[in-house]
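Some notes on the structure that comes next.
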Amino acid sequence: MYLVTGGRGFIGKDLIRRLLSDNEEVLLLSSTPCNDTDISPQISVTGTILDTEFLNRIFSENEITGIYHLSAISDIRRSIADPYETFNLNVIGTVNLLEAMRRHDVKRMVFASTAAVYGNSAEPVKKESGETIPLSPYAASKLMAEEYCNIYSSQYGMNIKSLRYFNPYGPGMRPDSPASVVLKFINSIISKKSPVIFGDGTQTRDFVYINDITQASIKAMNYGEFGIYNVGTGVATPLRELAAMIMEITGINVSIDYQDARIGDILHSSADISKAKRGFGYSPEYSLHKGLNEMINALYGNELHNSSK
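Using this note's numbering, count along the sequence shown one by one with no gaps and you end on 660.
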């Protein structure tokens, strides 16, 4: 049985659907009752990873063989407003989970980390061994949790992979996600409004489709050594090219609203994914064009079809 924390989030829902389609048994742990109609795990429990007694009971009552740990405060603005809350859930909560694993002899976990840990490091192509300069309490908490995952792996014989997701996008993504620019651009262009770009649009990001995030996570559970792995596409896409691609797919052309660059924004970011390829056979299956096309059809397919008649 796989325990999935944060399974009601953007990545968690897709992961659970994939696990269930693979006939895996899933236990969803959520801080609020699971009443979503689009995910139906066999077992769902309500509680928090901050409650150690609750965690011990869950581990005692279920035969857990692996954990996908996605639960976190991931809103950067929220983390800046309340850094203690972010530290408490993202770091202390993760250590609570690691301790429950240690007590109950559970060896495998995939931890959802983030490319935000690189911050404004100088290298445009990010390597796991490169510099980390977190710019928010969220990024700092993920970096610290990674270190605990590595320590528990090396000290207690666990196999925990920390996956630094770059810019996940796809149907069901939240407006506060790291790749929310994709959703904002799509919504603006569909509404025939100008998408806003801060700067000249040459700044780049590595956008990775939700299906590739999920397949990387599942492969990481079963293969490879513990440690930190980038999960992206290895392709750096300028923001103005992202907007142009959405216009080409939708057939809607609007002007781009270029505004002053924001202080602290990262200029260039893409993932070196060679370690994940070697470690557990990760290879992205979705180009940006393919992923955008699938996402736009899922969100606005009928509307676009009717408007073209």
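Quick reminder that beta carbons are idealized off the backbone N, C-alpha and C, glycines included.
Everything numeric in this text was worked out from a predicted model, so none of it was measured.
(1) Does the separation of the CB atoms of residue 491 and residue 445 fall below 7 Å?
(2) For the stretch 576 to 614, which segments carrying the alpha helix (DSSP H) assignment without a break, of at least 4 residues, lie completely within its bounds, in sequence order?
(3) Hey, which unbroken runs of the alpha helix (DSSP H) at 4 residues or more fall wholly within the stretch 442 to 505?
(4) What residue range is occupied by the uninterrupted beta strand (DSSP E) comprising residue 406?
(5) Could you tell me which of 579, 470, 592 sits nearest to residue 640, measuring between CA atoms?
(6) Just how far apart, CA to CA, sit residue 517 and residue 467?
(7) Are at least three pairs of beta-carbons, each pair with one atom in the stretch 505 to 524 and one in the stretch 635 to 652, less than 8 Å apart?
(8) Identify whether residue 374 lies in helix, strand or coil by the three-state DSSP scheme.
(9) Just reading off the alpha helix (DSSP H) that residue 570 is part of, what are its end residues?
(10) With a CB to CB cut of under 8 Å and the five nearest residues on each side skipped, what residues in its chain are close to residue 472?
(11) Using CA coordinates, which residue listed in 486, 587, 610 is at the minimum distance from residue 547?
(12) Taking residue 550 as the reference, give the member of 486, 616, 531, 583 with the closest Cα.
(13) Please give me, in chain order, every unbroken run of the beta strand (DSSP E) with length at least 3 that falls completely inside the stretch 520 to 560.
(14) Whole angstroms are fine: how far does the CA of residue 499 sit from the CA of residue 486?
With the structure as the only source:
(1) Contact check for residue 491 against residue 445 fails: the beta carbons are separated by 7 Å or more.
(2) Listed in chain order, they are 590 to 601.
(3) If we require 4 residues or more, the alpha helix (DSSP H) runs fully inside the stretch 442 to 505 come out as 444 to 454.
(4) Here residue 406 belongs to no beta strand (DSSP E); instead the alpha helix (DSSP H) covers 403 to 412.
(5) Closest option to residue 640, Cα to Cα, is 592.
(6) Near 8 Å, if we compare the C-alpha coordinates of residue 467 and residue 517.
(7) Output reads yes: the stretch 635 to 652 touches the stretch 505 to 524.
(8) Shown here, residue 374 sits in coil according to DSSP, grouped into three states, outside any helix or strand.
(9) It spans 561 to 573 - the alpha helix (DSSP H) in which residue 570 sits, taken as one unbroken run.
(10) Taken in chain order, the residues that qualify are 481, 482, 483, 484.
(11) If we check each option's Cα against that of residue 547, 610 comes out closest.
(12) For the options 486, 616, 531, 583, the alpha carbon positioned closest to that of residue 550 is the one of 616.
(13) Counting only runs of 3 or more, we get 547 to 549, 558 to 560.
(14) Between residue 486 and residue 499, the C-alpha separation is close to 20 Å.
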